[in-house]
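Peer 1: Numbering (full-length UniProt numbering), first residue to last: 1 to 191. Cβ atoms here follow ideal geometry from the backbone N, Cα and C, with glycine treated the same way.
#1: Please list the segments of the beta strand (DSSP E) lying wholly inside the UniProt domain "Cupin type-2" (93-157), counting only runs of 3 or more residues, in order along the chain.
#2: Alpha carbon to alpha carbon, how far is residue 36 from residue 201? Give it in angstroms, no decimals.
#3: Measuring alpha carbon to alpha carbon, tell me which residue in 38, 127, 168, 142 is nearest residue 159.
#4: If I follow the unbroken alpha helix (DSSP H) through residue 70, where does it start and stop?
#5: According to DSSP, which residues form a beta bridge with residue 36?
#6: Taking residue 174 as part of the beta strand (DSSP E), name the residues at either end of that continuous run.
#7: Kindly confirm or deny that the stretch 48-68 and the stretch 79-94 touch, where touching means at least three C-beta pairs closer than 8 angstroms.
#8: Under 8 angstroms: do the stretch 146-157 and the stretch 113-124 share three or more Cβ pairs, one atom per stretch?
#9: Apply the 10 Å Cβ neighbour rule to residue 27 and answer buried if 16 or more other Cβ atoms are within range, or exposed otherwise.
#10: So what does residue 41 bridge to, in DSSP terms?
#11: Report the partner residues of residue 160 according to the DSSP bridge assignment.
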């Protein structure tokens, strides 16, 4: 299994990703303001790779004078982005190696997870498991969960849109972010 490299594939079976950011010219017409190949960051001994397509830091986002773009660039270059961006959103693509170890975790966020390529098993801390296929969508609502690619040979790709949320309280207990099973210092807490 090959290690992802900036701007390259995370494996030979998945296509590269290019991010296109739109804006407006001086006449107010829509333009492609920039395009960049994805920059991949490997995790968990190269069994998973992330790339962040975009972030916002407020809701609703302020697009005037490229305020959102400037803030995204500031956060991206700071190296301080956690899984969730407080008061904002994160659009992240994650590639999962075949038979990768599931990492049980919880983010303090409302997440939309969309399977782009392959299959992935969603595991919940209750023991419930669901196999998601290409095109399926998981809506994670602050739950403890893990992702497992059951394939022997094929990588799986998902896109996640994570939105910050108010702290979740279940039976009087505040459930916050939990990355305690992570085996890497590269995954930063969000708060």
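Peer 2: So, from the data block:
#1: 109-117, 119-124, 129-133, 137-141, 145-148
#2: This structure leaves residue 201 out entirely; the chain is present only between 1 and 191.
#3: 38
#4: 67-78
#5: 19
#6: 173-175
#7: yes
#8: yes
#9: exposed
#10: 50
#11: 92, 113
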